[in-house]
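What the sequence shown shows, in UniProt numbering, is residues 1 to 140, in sequence order. First comes the structure, then the notes that go with it.
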Amino acid sequence: MLEYAPEVYELLDLGVGRCRMAVAAKRGWQDNPDRTLRVATKFPSIAGRYFAGQSRSIDIIKLSGSIELAPVLGLSDVIVDIVETGTTLRENDLEVVEEILPISARLIANRASFKFRNKQIETLCSALGGLLLPKEEEEA
């Protein structure tokens, strides 16, 4: 949702599929802020907004597939990708250098459905919320 900004309502954080969007680089990589940063990612909008917020000059390289190879092959300085356990990063001698934001699965509804099926959607949200609440309390 963050990459494409669809016109939907975010109704509920389902609390599953938890991971994070992160910047990763080759182990031991040192940033040079005077140089334009080459960023490989499947998520150019998120990466662009993140680095713009840091007033950082970047070149985005939009890739699909195994973007972990981009720094290894010298195509980019860093990657922006979803990280769950970090195993794939470690296997490619990469490490997280900055965390951008937490991610989890969300229940969404498009505007038309929300308008015309509001009662059913609210019932579903209440039922799911009741099931998810005990897990959230355990984590607190």
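Every residue gets a Cβ at the ideal spot worked out from N, C-alpha and C, and that includes glycine. Just so it is clear, the structure is predicted and the values come from calculations on it, not from any experiment.
Check your understanding: For Thr62, does the three-state DSSP call read helix, strand or coil?
Key -> Before going further, note that residue 62 is Lys rather than Thr in the sequence given. Reduced to three states, the DSSP call for Lys62 is strand.
**Study point:** Alpha-carbon spacing of Ala22 relative to Ala47, whole angstroms
**Key:** 9 Å
Review point. When the Cα atoms are used, what is the spatial distance from Leu63 to Ala127?
Key: 39 Å
**Study point:** Extent of the continuous alpha helix (DSSP H) run through Ile46
**Key:** Pro44 to Gly53
**Study point:** beta strand (DSSP E) segment containing Val96, residue limits
**Key:** Leu94 to Ile103
Review point. Between the C-alpha atoms of Tyr50 and Ala24, what's the straight-line distance to the nearest angstrom?
Key: 14 Å
Check your understanding: Using a Cβ-Cβ cut-off of 6 Å (strictly less than) and excluding sequence neighbours within five positions of Thr88, which residues of its own chain qualify?
Key -> Glu68
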